[in-house]
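Student: Protein chains in written order, with our numbering: chain L, 185 to 519; chain X, 185 to 519.
For every residue, glycine included, the Cβ atom is placed at its ideal position computed from N, Cα and C.
Please read through the structure below; I'll follow up with questions.
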C-alpha cells in the first residue's frame, strides 16, 4: 500500500542519501547522475507516491521543461521539417516537445491552446495562419512565439521574407516567357499568404504583365492540399482556360500542378512552367525537379526556438520582436 | 492579487451559480455548455487561481483527456498519416493528442515516456521499433497500445500482416522476371522488419531464386531514410554490383531507389523493377508511379485508437491482445 502523505524534495534527498540538487536533477531528467542514483531516488519517489507533488512542484516553479508546438499540417514536409528542427533544438536543452497538429482547424487550435496550458508547458511555438488570439485560451502568463505569422501584433514573430519570395518566384516565371500565370494558394487572410500575393502582383506590374482574376486560385481546404490543388489545375485544363506558368505557394501544390499537367500529357517546362515555395525534398526529388523559393527551415526553427527559450528564461532584454529571414530562389528544371 | 487558497469544484459551482457537473464539463472541455456559462466558471477559476487544483483533480481522477503518441519520424508520410488519423479519432471523443517525435532515438523515446507520464496523459500509442519497455519509465498504471510492433509481449498490439507483405512484394518482382533482388531496409531487430524479411526469403525459396547477402541492405540511420537509401543504391551502381529488382520496405526508400536509378539513366522498370511498402502518396505521385504494398492506415489507426480508448475506459473484457490487419499489393508502373 502506498503512503500518500506529502513528502518534500528535502525529505526525498534525505531518504535517498543524495543532495537536494541531485533529486531535482533526477526529477527533471536534467544534468548528470548515475543510474544507481536515479534508481535510489525513483524508489523513494515511488514509495511515497511523489507524482502528485511533482505536478505541484511544476506549478510552483512554473518550469515543466516541456514546450508545445502548434502546427497546421505535419503531412506537409515543410512543417514536419520545421517541427523536427525545433524538437532537436529543445532536446539539447532538456525539453520535451509536444506537437499539436490542428489540421488548420480553428476549434482544434483553441483546444490545443487550452490543453497545453493545463499541461503546464513553459512556452508555445505557434505555426498557424488562423487569427486566433491565444490569450483567450491560455490563463497562465507564458511566452508564445509565432512562426511565419505577423498578424498577431502582440506576439514575437520570426518569418521568412514572403514579399520577396512572391516577387522572385513570379519574376522567374516572367523572365522565362510566362504571360498567363496561375497563382495557386490558399484562402487564408494571413500575412504569409498576403505578402506572397503582394510580391506576385508587384512583379507582374513591374514587367507590365496583366493579372488575370480567373488565374488567381485561392483554395479552401477540402480533401487535402495536394488533392485540392490537383482538382483546381485539372479544372483549368478541362475548361480550356489558358495558362503558361504556375506559381504555387508551397511545394506540395507545385507538385500537384506538375502531376496534373503530366496526367494530361502537357509538357513541363515547355508548355507550362512551374515554381513552388518552401524548398522541401518534394520539389527536389520530383521528376523533373521543381524550381522553388527556399525557406531556410533550419534558421527559422533555430531563431524561433532561441527566442522562445530566452523568453522562458526571462532574458527578454533587447530582443527583436520581429525577425525576417531571407529566402532564395532555387532554379531547377520546371522554369 | 490572486487568492491562492485552495478551492473545490463544489465551491466553484456555488460561486458561479451552476451545477458541479457543469463546472466539471467546462474544466474538461467536455460536453455542452453555453459560452456565458464557460465565462462565468472560468472567471471564478481565474479569481481563485484554480489551475493548481485542476492538476490535482486530474491526478485524483486520472482522466486528463489527453493521450500521447510516440512516433519515430513524422517526416515519413506513412507515420504522419497514421498520427493524423489517430488525432482525428480522439478529437471526436474530446481528447487532445500530443505527438512525440523520437527521430528513432532511444534516449528521446525514454524521455517522452517520462514526460507523457508526468503530464498525466490517459494513455499512449507507441509507434516504435525500439525495444524499450515503457514500464521502466512510466510510473502510473495507464494503458499503452503498440502499432506495428509485436515484440513488446506484455502490451496490446495492432499490426499489418508484414509477413504476407514481404512475401507478396517479392513475388511481384519475381513474377516480372527479377532474379537478383535488392532488399532495402533498416537495421532494427524488430518484428515489423523481421516479418517482412522472412516473407522475402520464403518467396525467394518458393521460386528457387538465390538470396544474395550483398544485396541485403540493412541500413543504419545516418543522414535520413531517403538520403541513406540513395547512398546505398548509388554505391551498388558505382561498384557495378548487378541487380534487377528492389524491394524497399517503405515508400520513401523505394522513391530513393527510383531517383538514384534515374540519376544514372538506368530505365525503370525496363532494367530494374522497384516495389515499395506502405502505400503513401509518395509512391502514388512519383514519376513513374511506384508499385507498393498498401498498409491500411485508416484501419490501423482506428483499431489502435479504439483499443486504447476501451482500455482507458476500463472496458478491457474480451479485447483481442493482438490484431492483424490485411495488406494488399498495388501494382503501378515500376514492376
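Could I get the ranges of all uninterrupted alpha helix (DSSP H) runs contained in the segment 341–428 of chain X, with 4 residues as the minimum, in chain order?
Tutor: Counting whole runs of 4 or more residues, the segment 341–428 of chain X contains the alpha helix (DSSP H) stretches 346–359, 375–390, 409–422.
Student: Would you check if there are 3 or more beta carbon pairs closer than 8 Å linking the segment 427–442 of chain X to the segment 312–320 of chain X?
Tutor: Output reads no: the segment 312–320 of chain X does not touch the segment 427–442 of chain X.
Student: Classify residue 469 of chain X as helix, strand or coil using the three-state DSSP reduction.
Tutor: As a first step, residue 469 of chain X must be located in the second chain, where it is residue number 285. Helix.
Student: With DSSP collapsed to three states, give me the class of residue 274 of chain L.
Tutor: As a position in the first chain, residue 274 of chain L is number 90, starting the count at 1. Three-state DSSP puts residue 274 of chain L in a helix.
Student: At which residue ranges does the segment 423–504 of chain X contain complete beta strand (DSSP E) runs of 3 or more residues, listed in the order of the chain?
Tutor: Here the runs fully enclosed are 429–432, 457–462, 475–478.
Student: So the alpha helix (DSSP H) residue 139 of chain X belongs to, where does it begin and stop?
Tutor: Within the shown structure, residues of chain X are numbered from 185 to 519, placing residue 139 of chain X beyond reach of any answer.
Student: Kindly list, in the order they appear in chain L, the residues whose Cβ is closer than 8 Å to that of residue 259 of chain X.
Tutor: Position 75 of the second chain holds residue 259 of chain X. Result: 261, 264, 265, 268.
Student: Could you tell me the distance, in whole angstroms, from the CA atom of residue 242 of chain L to the CA atom of residue 250 of chain L?
Tutor: As a first step, residue 242 of chain L must be located in the first chain, where it is residue number 58. As a first step, residue 250 of chain L must be located in the first chain, where it is residue number 66. For residue 242 of chain L, the predicted structure reports a pLDDT of 44, less than 50, and the residue's modelled location is therefore unreliable. The matter cannot be settled from this model.
Student: Does DSSP classify residue 512 of chain L as helix, strand or coil?
Tutor: Numbered from 1 along the first chain, position 328 holds the residue referred to as residue 512 of chain L. In this structure, residue 512 of chain L counts as strand in the three-state DSSP scheme.
Student: Can you list, in chain order, the residues of the segment 440–454 of chain L whose Cβ is nearer than 9 Å to any Cβ on chain X?
Tutor: Answer set for the segment 440–454 of chain L: 440, 442, 443, 446.
Student: Nearest-angstrom Cα distance between residue 280 of chain X and residue 371 of chain L?
Tutor: Walking along the second chain from the start, residue 280 of chain X turns up at place 96. Walking along the first chain from the start, residue 371 of chain L turns up at place 187. Distance between the alpha carbons of residue 280 of chain X and residue 371 of chain L: 26 Å.
Student: Whose C-alpha, out of L/506, L/519, L/515, is nearest the C-alpha of residue 338 of chain L?
Tutor: Counted from its first residue, the first chain places residue 338 of chain L at position 154. The candidate whose alpha carbon is nearest that of residue 338 of chain L is L/506.
Student: Among residues of its own chain, excluding the 5 on either side of residue 351 of chain X, which ones have a beta-carbon nearer than 7 Å to its beta-carbon?
Tutor: Taking the first residue of the second chain as 1, we reach residue 351 of chain X at position 167. 383, 386, 387, listed in sequence order.
Student: Span of the alpha helix (DSSP H) holding residue 221 of chain L?
Tutor: Residue mapping note: residue 221 of chain L aligns to position 37 of the first chain, counting from 1. First-last of the alpha helix (DSSP H) with residue 221 of chain L: 219–231.
Student: Using CA coordinates, which residue listed in X/408, X/413, X/373, X/427 is at the minimum distance from residue 394 of chain X?
Tutor: Taking the first residue of the second chain as position 1, residue 394 of chain X is located at position 210. The shortest Cα separation from residue 394 of chain X among X/408, X/413, X/373, X/427 belongs to X/427.
Student: Quick one: is residue 463 of chain X buried, meaning 16 or more other Cβ sit within 10 Å of its Cβ, or exposed?
Tutor: Numbered from its first residue, the second chain carries residue 463 of chain X at position 279. Classification of residue 463 of chain X: buried, given that the 10 Å Cβ count is 16 or more.
Student: Residue 188 of chain L by DSSP, collapsed to three states: which one?
Tutor: Translated into positions along the first chain, residue 188 of chain L becomes position 4. Its pLDDT being 45, under 50, residue 188 of chain L is placed unreliably by the model, and nothing is read from it.
Student: Between the Cα of residue 357 of chain X and those of X/484, X/201, X/455, X/498, spot the shortest distance and give me the residue it belongs to.
Tutor: Within the second chain, the letter at position 173 stands for residue 357 of chain X. Residue 357 of chain X has its Cα closest to that of X/455, out of X/484, X/201, X/455, X/498.
Student: Going by other Cβ atoms of all chains shown within 10 Å of its Cβ, with 16 needed for buried, is residue 503 of chain X buried or exposed?
Tutor: Numbered from its first residue, the second chain carries residue 503 of chain X at position 319. Exposed.
Student: Please go through the same chain and pick out, in chain order, the residues whose beta-carbon is closer than 7 Å to the beta-carbon of residue 240 of chain L, but skip the five residues on each side of it.
Tutor: Here residue 240 of chain L refers to the residue found at position 56 when the first chain is read from its first residue. Note that residue 240 of chain L scores 47 on pLDDT, short of 50, meaning its location in the model is unreliable and no value can be drawn from it.
Student: What number of angstroms, rounded off, separates the C-alpha of residue 197 of chain L from the C-alpha of residue 255 of chain X?
Tutor: Start at 1 with the first residue of the first chain, and residue 197 of chain L comes out as number 13. Start at 1 with the first residue of the second chain, and residue 255 of chain X comes out as number 71. C-alpha separation (whole angstroms): 35 Å.
Student: What are the uninterrupted segments assigned as alpha helix (DSSP H) that are 4 or more residues long and contained completely in the segment 286–347 of chain L, given in chain order?
Tutor: 290–302, all fully within the segment 286–347 of chain L.
Student: With DSSP collapsed to three states, give me the class of residue 280 of chain L.
Tutor: Mapped onto the first chain, residue 280 of chain L falls at position 96. If DSSP states are grouped into helix, strand and coil, residue 280 of chain L belongs with the strands.
Student: Look at the alpha carbon of residue 460 of chain L and the alpha carbon of residue 512 of chain L, and state the distance between them as a whole number of angstroms.
Tutor: Residue 460 of chain L sits at position 276 when you count from the first residue of the first chain. Residue 512 of chain L sits at position 328 when you count from the first residue of the first chain. Each residue's alpha carbon lies about 12 Å from the other.
Student: Take residue 304 of chain X as the anchor and find which of X/496, X/514, X/406 has the nearest alpha-carbon.
Tutor: Residue numbering aside, residue 304 of chain X sits at position 120 when the second chain is read from its first letter. Comparing Cα-Cα distances from residue 304 of chain X to each of X/496, X/514, X/406, the minimum goes to X/496.
Student: Which one of X/480, X/329, X/369, X/517 has the shortest CA to CA distance from residue 474 of chain X?
Tutor: Residue 474 of chain X sits at position 290 when you count from the first residue of the second chain. If we check each option's Cα against that of residue 474 of chain X, X/517 comes out closest.
Student: Please tell me whether residue 416 of chain L has its Cβ less than 8 Å away from any Cβ of chain X.
Tutor: Here residue 416 of chain L refers to the residue found at position 232 when the first chain is read from its first residue. Chain X, which has no Cβ nearer than 8 Å to the Cβ of residue 416 of chain L, makes this no.
Student: Alpha carbon to alpha carbon, how far is residue 406 of chain L from residue 238 of chain L? Give it in angstroms, no decimals.
Tutor: Against the first chain, residue 238 of chain L aligns to sequence position 54. Against the first chain, residue 406 of chain L aligns to sequence position 222. The predicted model places residue 238 of chain L with a pLDDT of 49, which falls under 50 and marks its position as unreliable, so this point remains unresolved.
Student: Between residue 285 of chain X and chain L, is any beta-carbon pair separated by less than 8 Å?
Tutor: Position 101 of the second chain holds residue 285 of chain X. True, the Cβ-Cβ gap to chain L drops below 8 Å.
Student: According to a CB-to-CB cut-off of less than 8 Å, which residues of the segment 480–508 of chain X neighbour chain L?
Tutor: From the segment 480–508 of chain X, no residue has a Cβ closer than 8 Å to chain L.
Student: If the cut is a Cβ gap below 7 Å, which residues of chain X does residue 469 of chain L touch?
Tutor: Translated into the one-based positions of the first chain, residue 469 of chain L becomes position 285. Simply 439, 443.
Student: Which of helix, strand or coil does DSSP assign to residue 518 of chain L?
Tutor: Counted from its first residue, the first chain places residue 518 of chain L at position 334. Coil, per DSSP.
Student: Helix, strand or coil for residue 211 of chain L per DSSP?
Tutor: Within the first chain, the letter at position 27 stands for residue 211 of chain L. Note: residue 211 of chain L maps to helix in three-state DSSP.
Student: Please confirm whether residue 280 of chain L has its beta-carbon closer than 8 Å to some beta-carbon of chain C.
Tutor: The displayed structure is made up of protein chains L and X, and chain C is not among them.
Student: Considering only the alpha carbon of each residue, which of X/269, X/199, X/265, X/421 lies closest to residue 520 of chain X?
Tutor: Limits of chain X in this structure are 185 at one end and 519 at the other, which puts residue 520 of chain X out of reach.
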